[in-house]
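A quick write-up on the structure given underneath.
Numbering (my numbering), first residue to last: 1 to 259.
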């Protein structure tokens, strides 16, 4: 369209307007027309590019969430299969107390999975609000007192990075609920342009007293996620007194993933 408009004006000027429009005035007019058309065309083009980028970002966010849900579904399947097998064995052996514990484990796993899978991606709110909602549901299901301190700048993380960091938080609190025997837990997450820091602590039994394979797998999964985020991962326990330990998970990045 810009080419046709400019060419059409030049044709009309030379064929019909030479007696009414001087050469200088014509050149000035065509220059103004060219500038105006260039501005309008460039604005339209950049708006189109911006809309395309927004669509790609939205598609990427949905893909990341669905990939995470597929992983959660696989883990849920494996976890339930193992627990059901254990339940069947204990029922055959007549160990009712252990069978009841297995049923409770299945119930907790299903509650966790329902929370993770029930909200469509397009209905998600901000990252900080999603973490807060998850922690509220976790505290209600686990019965463990929780203190939370979340301070996250808007759009600090990309959608893929949010999935990875949210996965670390979920895995950490799943381990606390399943293995720690804690009565209190705390989470501190601060994200700034210079970097971000995640700290999760509990007052449970510590790392040495639990040898569960699922816990070991969960720790390895958190380490892998931290590595993909370019962050350092530290997990350790320290003894407060003869009957109590504090377990601390610390994940930090000097320069945030969004930079």
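Heads up, the beta-carbon is just placed ideally off N, CA and C, and yes, glycines get one too.
It should be emphasised that the depicted structure is a prediction, and the values quoted were computed from it without experimental measurement.
Identify whether residue i lies in helix, strand or coil by the three-state DSSP scheme.
{"i": "residue 237", "result": "strand"}
{"i": "residue 170", "result": "helix"}
{"i": "residue 195", "result": "strand"}
{"i": "residue 244", "result": "strand"}
{"i": "residue 25", "result": "helix"}
{"i": "residue 18", "result": "coil"}
{"i": "residue 253", "result": "strand"}
{"i": "residue 13", "result": "helix"}
{"i": "residue 158", "result": "coil"}
{"i": "residue 179", "result": "helix"}
{"i": "residue 222", "result": "helix"}
{"i": "residue 1", "result": "coil"}
{"i": "residue 132", "result": "helix"}
{"i": "residue 207", "result": "coil"}
{"i": "residue 126", "result": "coil"}
{"i": "residue 8", "result": "helix"}
For residue i, which residues from the same chain have a beta carbon less than 8 Å from its beta carbon, with the 5 sequence-adjacent residues on both sides left out?
{"i": "residue 5", "result": "33 and 37"}
{"i": "residue 237", "result": "206, 207, 208, 245, 246, 247 and 248"}
{"i": "residue 10", "result": "30"}
{"i": "residue 240", "result": "203 and 246"}
{"i": "residue 223", "result": "233"}
{"i": "residue 91", "result": "99"}
In chain order, what residues of the same chain lie with their CB nearer than 6 Å to the CB of residue i, ignoring the 5 residues before and after it?
{"i": "residue 189", "result": "150 and 198"}
{"i": "residue 184", "result": "145 and 203"}
{"i": "residue 186", "result": "147 and 201"}
{"i": "residue 95", "result": "none"}
{"i": "residue 225", "result": "164, 167 and 168"}
{"i": "residue 123", "result": "At residue 123 the pLDDT is 48, less than 50, meaning the model places this residue with poor confidence; the figure from the coordinates comes in the next sentence. Counting only Cβ-Cβ distances below 6 Å, and skipping sequence neighbours, we find nothing."}
Would residue i and residue j be called neighbours here (beta carbons separated by less than 8 Å)?
{"i": "residue 140", "j": "residue 106", "result": "no"}
{"i": "residue 174", "j": "residue 126", "result": "no"}
{"i": "residue 192", "j": "residue 228", "result": "no"}
{"i": "residue 131", "j": "residue 166", "result": "yes"}
{"i": "residue 234", "j": "residue 221", "result": "no"}
{"i": "residue 134", "j": "residue 93", "result": "no"}
Please decide whether residue i counts as near chain B, where near means a Cβ-Cβ distance under 8 Å.
{"i": "residue 13", "result": "Protein chains in the displayed structure number just one, and chain B is not present."}
Can you pull the DSSP bridge partners for residue i?
{"i": "residue 185", "result": "146 and 202"}
{"i": "residue 151", "result": "190"}
{"i": "residue 232", "result": "252"}
Could you pull out every residue in the same chain whose Cβ sits closer than 7 Å to the Cβ of residue i, ignoring the five residues on either side in sequence?
{"i": "residue 41", "result": "2"}
{"i": "residue 86", "result": "102"}
{"i": "residue 142", "result": "177"}
{"i": "residue 64", "result": "159, 160 and 163"}
{"i": "residue 13", "result": "21 and 26"}
{"i": "residue 182", "result": "144, 176, 202, 203 and 204"}
Say whether the segment 48-66 touches the segment 4-21, bearing in mind that this needs 3 or more beta-carbon pairs closer than 8 Å, one atom from each stretch.
Of all C-beta pairs linking the segment 48-66 to the segment 4-21, fewer than three are shorter than 8 Å, placing the two stretches out of contact.
Stretch pair the segment 154-161 + the segment 172-183: three plus CB contacts closer than 8 Å:
no
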